Amino acid sequence: RVLEHYPNAMVLFAGQYQGVWGEEDYLARLLPTIEKYQASGQWKFLGTLTPEQMAAFYPNLDVLLVPSLNSTETFGLVQIEAMMRGTPTVASNLPGVRQPPRMTGMGEVVPIGDSAALAEAMLKIFDHPENYRGNPAAVAMQFSPQANAAEYEDLYAELMEELGVKSAE
Numbered sequence: 006r007v008l009e010h011y012p013n014a015m016v017l018f019a020g021q022y023q024g025v026w027g028e029e030d031y032l033a034r035l036l037p038t039i040e041k042y043q044a045s046g047q048w049k050f051l052g053t054l055t056p057e058q059m060a061a062f063y064p065n066l067d068v069l070l071v072p073s074l075n076s077t078e079t080f081g082l083v084q085i086e087a088m089m090r091g092t093p094t095v096a097s098n099l100p101g102v103r104q105p106p107r108m109t110g111m112g113e114v115v116p117i118g119d120s121a122a123l124a125e126a127m128l129k130i131f132d133h134p135e136n137y138r139g140n141p142a143a144v145a146m147q148f149s150p151q152a153n154a155a156e157y158e159d160l161y162a163e164l165m166e167e168l169g170v171k172s173a174e
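This note's numbering puts the first residue of the sequence shown at 6, with every later residue one more than the last.
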C-alpha cells in the first residue's frame with residue numbers, strides 16, 4: 006500500500022535479524038517477502054550499528070517503525086533516540102512502546118499486528134510530515150535521566166505520604 010503512493014520508499018533494517026532467540030519461525034515466514042523487496046532494492050539489512058552510526062542513521066529516516074508484536078516488549082528507547090533527532094515514529098499499541106509517540110505527538114500508534122493500520126500511519130506521516138516534527142530538544146529534556154529521576158522522586162514522596170510514612174530528611 007505504501008509503495009502505491011511512494012514507489013521509492015525503502016526499508017532500512019538496523020539491528021540483528023538472524024539468530025534472534027524465539028523469532029526464527031517469524032523470520033522464516035517473512036523471508037520470502039523480504040527477499041522480494043531486497044531484489045527490487047526496497048529493503049536493506051544494515052546489521053548492528055554502533056551508537057555513533059545510529060545517531061547518524063536517524064536523521065536519514067522519514068519515519069522509524071516499531072511494529073512490535075511481543076507483549077513483553079518494554080519502553081521504546083529507540084523511539085526517543087529517533088525523536089531527539091527529529092524523526093517521527095509509528096509504534097504498536099503495547100504499554101511501553103506506545104508511550105513516546107503519545108507523549109510527544111511525534112508519531113502514530115497502531116493496533117498490534119495490523120499491517121493495514123501500519124501502512125495508513127506511515128502514509129499520514131509521509132503526507133503531512135509537518136504534523137509530526139515535534140520539538141526534539143523538548144523530547145531530550147522530557148526523557149532525560151534527570152527528568153526520569155525527578156518523576157521517581159515525586160512518585161516515592163506521594164506514596165510515602167499516602168502511607169503516612171514520614172521522610173527521613
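Every residue gets a Cβ at the ideal spot worked out from N, C-alpha and C, and that includes glycine.
These numbers come from a predicted model, not from an experiment.
Rounded to a whole number of angstroms, what is the C-alpha to C-alpha distance between residue i and residue j?
{"i": "Ala14", "j": "Leu128", "result": "11 Å"}
{"i": "Ala122", "j": "Glu166", "result": "44 Å"}
{"i": "Gln151", "j": "Thr38", "result": "43 Å"}
{"i": "Gly160", "j": "Val170", "result": "The question names Gly, but residue 160 in the sequence shown is Leu. Answer to the nearest angstrom: the Cα atoms are 14 Å apart."}
{"i": "Asn217", "j": "Ala145", "result": "The chain is shown from 6 up to 174; residue 217 falls before or after that span and cannot be answered."}
{"i": "Leu164", "j": "Gly110", "result": "30 Å"}
{"i": "Glu175", "j": "Gln47", "result": "Only positions 6 to 174 of the chain appear in the structure, and residue 175 is not among them; the question remains open."}
{"i": "Ile130", "j": "Tyr137", "result": "7 Å"}
{"i": "Gln43", "j": "Ala19", "result": "14 Å"}
{"i": "Glu28", "j": "Tyr63", "result": "25 Å"}
{"i": "Thr92", "j": "Asn75", "result": "23 Å"}
{"i": "Tyr11", "j": "Gly101", "result": "30 Å"}
{"i": "Tyr31", "j": "Leu168", "result": "47 Å"}
{"i": "Lys49", "j": "Ile85", "result": "23 Å"}
{"i": "Glu158", "j": "Thr77", "result": "26 Å"}
Considering only the beta carbon of each residue, do residue i and residue j sit closer than 9 Å?
{"i": "Asn98", "j": "Val83", "result": "no"}
{"i": "Met88", "j": "Gly139", "result": "yes"}
{"i": "Gln104", "j": "Gly118", "result": "no"}
{"i": "Leu70", "j": "Ala96", "result": "yes"}
{"i": "Ala143", "j": "Val7", "result": "no"}
{"i": "Arg90", "j": "Pro56", "result": "no"}
{"i": "Leu17", "j": "Asn65", "result": "yes"}
Mind checking which residues open and close the beta strand (DSSP E) that includes residue i?
{"i": "Ala122", "result": "Taken as a continuous stretch (DSSP letters only), Ala122 belongs to no beta strand (DSSP E), being part of the alpha helix (DSSP H) at 120-132."}
{"i": "Lys49", "result": "48-52"}
{"i": "Glu113", "result": "112-115"}
{"i": "Val71", "result": "69-71"}
Is it buried or exposed for residue i, if we count other Cβ within 10 angstroms and need 16 for buried?
{"i": "Met108", "result": "exposed"}
{"i": "Val25", "result": "exposed"}
{"i": "Gly52", "result": "exposed"}
{"i": "Ala162", "result": "exposed"}
{"i": "Ala126", "result": "buried"}
{"i": "Ser45", "result": "exposed"}
Residue range of the alpha helix (DSSP H) that residue i falls in?
{"i": "Phe1", "result": "The structure shown has nothing for residue 1, since the chain only spans 6 to 174."}
{"i": "Arg34", "result": "29-44"}
{"i": "Arg107", "result": "104-109"}
{"i": "Asn153", "result": "150-168"}
{"i": "Pro100", "result": "Looking at the DSSP string, Pro100 is not in any alpha helix (DSSP H), and its letter there is neither H nor E."}
{"i": "Glu86", "result": "82-88"}
{"i": "Val144", "result": "141-147"}
Would DSSP call residue i helix, strand or coil?
{"i": "Val95", "result": "strand"}
{"i": "Ala14", "result": "coil"}
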